[in-house]
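Below is one structure, written out as structure tokens, with a few remarks after it.
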Amino acid sequence: MQPLLSLRAISKRFGALQALTDVDLDVTAGEVHAVLGENGAGKSTLMKVIYGLVAPDRGTLTIDGRPLRLRSALDARRAGIGMVHQEFALVDALSVAENLGLALREPGERLWHPARIRAAARRLAAEVGLDLGELDAPVGTLPVGTRQRIEIVKALAGRTRLLILDEPTAVLPPEEVGQLFAVLDRLRRQGTAILFITHKLHEVMALADRITVLRRGRVVARVACCDTDGATLAGLMVGPLATPAEPRPAPPATTSVALAIDGLSVDCHGSARALDDVSLQLRAGELLGIAGVDGNGQTELFEVLTGLRPPTRGRVSVDGQVLSRFEPAAMCAAGIACIPPDRLRQGVVGAMSVADNAVLDVRLLRRDGSWLMRPAAQRAVAQELIDTYAIKAADLDAPVRALSGGNMQRLIVARALATEPRVIVAANPARGLDVAAAEAVYAALAAILARGAAALLLSTDLDEILARADRVAVFYRGRLSQPLERPFPVERLGALMAGSEAA
Amino acid sequence: MTAPLVVTRLGAARYAAPLVALLTALAVSACLILLAGGDPFAALQALLSGAFGSPDAWSEVGVRTCPLLLTGLAVAIAFRAGVWNIGAEGQLLVGAVMVAWLGTRATTLPAWLLLPAVLCAAAVGGAAWAGIAGVLRTARGVDEVISTIMLNFIAIGLVGWLVHGPLMEAAATYPQSDAVVAAARLPRLFSGYRVHAGALLALAAAAGTALLLFRTVLGFEMRAVGLNPIATRLAGLRTTGALLRALALSGALAGLAGGIEVSAITYRLYGNFSPGYGFTAIAVALLGRLHPFGVVLAALFFAVLDVGSLSMQRAAGVSSVLVSAIQAIVIFTLLALDRWQRLEAAR
Chain A
1 MQPLLSLRAI SKRFGALQAL TDVDLDVTAG EVHAVLGENG AGKSTLMKVI YGLVAPDRGT
61 LTIDGRPLRL RSALDARRAG IGMVHQEFAL VDALSVAENL GLALREPGER LWHPARIRAA
121 ARRLAAEVGL DLGELDAPVG TLPVGTRQRI EIVKALAGRT RLLILDEPTA VLPPEEVGQL
181 FAVLDRLRRQ GTAILFITHK LHEVMALADR ITVLRRGRVV ARVACCDTDG ATLAGLMVGP
241 LATPAEPRPA PPATTSVALA IDGLSVDCHG SARALDDVSL QLRAGELLGI AGVDGNGQTE
301 LFEVLTGLRP PTRGRVSVDG QVLSRFEPAA MCAAGIACIP PDRLRQGVVG AMSVADNAVL
361 DVRLLRRDGS WLMRPAAQRA VAQELIDTYA IKAADLDAPV RALSGGNMQR LIVARALATE
421 PRVIVAANPA RGLDVAAAEA VYAALAAILA RGAAALLLST DLDEILARAD RVAVFYRGRL
481 SQPLERPFPV ERLGALMAGS EAA
Chain B
504 MTAPLVVTRL GAARYAAPLV ALLTALAVSA CLILLAGGDP FAALQALLSG AFGSPDAWSE
564 VGVRTCPLLL TGLAVAIAFR AGVWNIGAEG QLLVGAVMVA WLGTRATTLP AWLLLPAVLC
624 AAAVGGAAWA GIAGVLRTAR GVDEVISTIM LNFIAIGLVG WLVHGPLMEA AATYPQSDAV
684 VAAARLPRLF SGYRVHAGAL LALAAAAGTA LLLFRTVLGF EMRAVGLNPI ATRLAGLRTT
744 GALLRALALS GALAGLAGGI EVSAITYRLY GNFSPGYGFT AIAVALLGRL HPFGVVLAAL
804 FFAVLDVGSL SMQRAAGVSS VLVSAIQAIV IFTLLALDRW QRLEAAR
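And the structure:
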């Protein structure tokens, strides 16, 4: 059977980032084709290429065997491709019919015919077989699932034969996901091809016919849904599982508990719990890795432990002291330091100098209790960090954003460790770093662990966790598994990440 | 080796932009004058001689600079900390009310005590007025842009009510307060000229603001919060505290501006007491690049335009309203240059 849409050797580069490399993809009529990958794997870029929003550097697209050149989304629409974005393009104050009318009106049509628009909207909804509810209701009053169906109808208008959905379930409460799947199933039976982007494995298993797995911009697998299982897919997404490296000498089991988390939950409005009854104990000198596919609770745990988000329930204690205030300043005072996942946004003040960023935690400046900002003292602190951690920063007064990612991260780590914290919460600390910088970060962590601190490593890179952690626990849908000890059972980790084994 | 006082160094372009904006505004204004059938060079000459042509003109520039400088500093310090205080006008009015009230009521105090007392009260009043917006923001998440604008209107209404009621002059003829007693008045610097000691206070405030921002931990925290609140918070700073402090300081400076106007120039409080100093202050602060010394120059520039515009109207027949257009064009050009530079940097 000839594929409806074929992509051959699509490559796209954004500056230093190779977003897509030689991607081939075939979509046939009447199938749901899932594109699976971690955040940043290139899924969204690929969809934008197909919808004409991004021009590939190399490669060809064909539709029905004919070459397809897309200069804009309008070209894609003419070729029969429709897309539902994560952000809906609806006017909340207008009715359902008016929103459809806006999207469906003919080019050059100047007059607004309410009756004609309503008739067209009703006809279209019936054709597609979707329940849009009351056509005169303002869109803003409708549940998000209905709004998404309006977007689907808009995307299907005309002669759309390929429908692209960009993480459609991300915005839906769980009870609406089933309805969406029923809709997509009916469209499939009507012969529409559906491209479905997600990083949620259970959705793929529930709906898709075929699966293309992307990792770092490359296709790493093309499988039929019936030939695979969640654990295999999780492994494909995160990459080949290297043999765990030589472990650090394990901390003696008798050491005290540095960080204890007890029954921690974070409720999210209208959807599943982001953290569901999470408990763990972190011993002094230990590095505990938290693995899992991105979006299963890592962000929320980081936010709670750094004080950015108060938990709905649960207790956190450091060295036996229960924390009462969830506020970054209180967390720092209690001895929890963090290495945030987004360096430029959360780690440094980009416009300020290297010397200023070195003392962003002003406790480093105010060791002598002074309220004055003495340049000499400030530079001494900065220079000490730079020397200790071998940071390459020629000019202390240059803006910190001029540093390379590796040196910026070393500075962040240096600052976090300079206050001698009891617990370090590190979120993807080696992301985007070269080997030397990553080693430097972990050497710094190892040094402070040897002095009796404890570290929590949140990473979506399983290799990194297997290489560095003393124990590993796995997040799946807000629940944290029991920590596993070395040597790590890789298959079990995969199963836990896919949610196919109960924690 | 000392670190430069100016910590955010984005190259010379950052400081060239106000000059480019100034020249653009002058060029566009010249075209406007030509279109209106006037002579741009005569107009410029009249404007400059109106502002610098006589000792009295110099004095008036000083008088005009004082409130613009203080409110400009107020806005600059708030914007630096990422707090969008649009309420300098209201805070200025509350400061003026404090001086008019104490200066007509607490008359038994000796002069050496009364003058500092009324000026401190003006600063405290302004700080408290700004503090309302600060508390609304930190306790209830109310956007300070909205609340400070609203507080402006409330302050205007408050002044209107006071001069018709509790603070109305004893003669009860005009809607204005009595004149403050001599002991509550700031001394003039030269006899026969209106320029007063408040201008020196304003300059001292600029120096003080610079020291605060660039030489104290408090100021460092404010600047860091303004540039990246998330990173600063994660590094352990209580950002709500920095925000409240910045707003209170900002309000205090604006309140002082209003207090000094009453104490040194008008002696009385009345309805349209301020020609919108607190709003012009936003333009002054932006033109001054949110740097205290830049704000001094910007305040001086706006004062020169204001003072010179009347003689421009008299001598060259060009409407003094044109000066407002010049001010607006300067700001627009500056914003356009900012945007352009940011796009260049992002490329």
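Protein chains in written order, with our numbering: chain A, 1 to 503; chain B, 504 to 850.
Where a beta carbon is used, it is the ideal one built from N, C-alpha and C, also for glycine.
Using the Cα positions of A/Glu420 and B/Arg741, report the straight-line distance between them to the nearest angstrom.
20 Å
Going along the segment 713-729 of chain B in order, which residues come within less than 8 Å of chain A, judged by CB to CB distance?
Phe717, Arg718, Thr719, Val720, Leu721, Gly722, Phe723, Glu724, Arg726 and Ala727
Is A/Cys226 buried or exposed, if buried means 16 or more other CB atoms sit within 10 Å of its CB?
exposed
Limits of the unbroken alpha helix (DSSP H) element including B/Tyr780
Tyr780 to Leu790
I'd like to know if A/Ala426 contacts chain B, where contact means its C-beta is closer than 7 Å to some C-beta of that chain.
no
How many Å lie between B/Arg697 and A/Ile336 at the Cα?
59 Å
Heavy atom of the ligand NAD less than 6 Å from the Cβ of A/Phe88, yes or no?
In the structure shown, the ligand NAD is absent, as is every other ligand, since no ligand is present at all.
For a contact defined as C-beta to C-beta under 7 Å, what are the partners of A/Gln346 on chain B?
Ile733, Ala734 and Leu737
Using a C-beta to C-beta distance shorter than 9 Å, which residues of chain B count as neighbours of A/Ala329?
Arg736, Gly739, Leu740, Arg741, Thr742 and Gly744
Nearest chain B C-beta to A/Val362 closer than 7 Å, yes or no?
yes
So A/Leu396 and A/Ala382 are supposed to be a Cβ contact under 8 Å. How far apart are they, rounded?
6 Å
For B/Leu612, collect the residues of the same chain with a Cβ closer than 8 Å to its Cβ; drop the 5 residues on either side in sequence, then sort them by chain order.
Ala620 and Ala686
Which residues does DSSP pair with A/Arg66 in a beta bridge?
A/Ile63
Using DSSP with H/G/I as helix, E/B as strand and the rest coil, what is B/Pro521?
helix
Grouping DSSP H, G and I as helix and E and B as strand, with all else coil, what is B/Asp841?
helix
Three-state class that DSSP yields for A/Ala495 in the structure shown:
helix
Would you mind telling me which residues of chain B sit closer than 9 Å to A/Arg366, beta carbon to beta carbon, in chain order?
Val720
Please state the DSSP three-state secondary structure of A/Ala157.
coil
Could you list the residues in the segment 70-104 of chain A with a C-beta less than 7 Å from some C-beta on chain B, going in chain order?
none
May I have the straight-line CA-CA distance separating B/Val638 from B/Val600, to the nearest angstrom?
22 Å
Boundaries (first-last residue) of the beta strand (DSSP E) holding A/Thr198
Ala193 to Thr198
Counted within 10 angstroms of its Cβ, other Cβ atoms place A/Gln298 as buried (16 or more) or exposed
buried
Taking the continuous beta strand (DSSP E) assigned at A/Arg345, which residues delimit it?
First-last for A/Arg345: undefined, no H or E at that position.
Answer yes or no: does any C-beta atom of chain B fall closer than 7 Å to that of A/Ala394?
no
A/Arg306: contacting residues in chain B (beta-carbon distance under 7 Å)
Position check: residue 306 of chain A holds Thr in this sequence, whereas Arg was assumed. Leu737, listed in chain order.
Identify the contact partners of A/Met373 in chain B, using a Cβ-Cβ distance below 8 Å as the criterion.
Phe717, Arg718, Thr719, Val720, Gly722 and Phe723
Would a C-beta distance cut-off of 7 Å place B/Asn655 and B/Gly590 closer than the cut-off?
yes
Check the DSSP bridge columns for A/Cys338 and list the partner residues they point to.
A/Val425
Rounded to a whole number of angstroms, what is the C-alpha to C-alpha distance between B/Pro507 and A/Glu439?
Model confidence at B/Pro507 stands at a pLDDT of 35, short of 50, so the residue's coordinates are unreliable and nothing is read from them.
Does DSSP put A/Ala19 in a helix, in a strand, or in coil?
strand
When the distance is taken between beta carbons, is A/Arg422 closer than 7 Å to A/Asp319?
yes
Give a yes or no on whether 7 Å exceeds the smallest Cβ distance from A/Pro340 to chain B.
yes
Could you tell me which of B/Leu595, B/Phe582, B/Val807 and B/Cys623 sits nearest to B/Leu772, measuring between CA atoms?
B/Leu595
Simplified DSSP assignment, three categories, for B/Arg748:
helix
Exposed or buried, which one is A/Ala242 when buried takes at least 16 other CB atoms within 10 Å?
At A/Ala242 the pLDDT is 48, less than 50, meaning the model places this residue with poor confidence; the figure from the coordinates comes in the next sentence. Exposed: under 16 other Cβ atoms inside 10 Å.
Complete runs of the beta strand (DSSP E) confined to the segment 687-755 of chain B [at least 3 residues]
none
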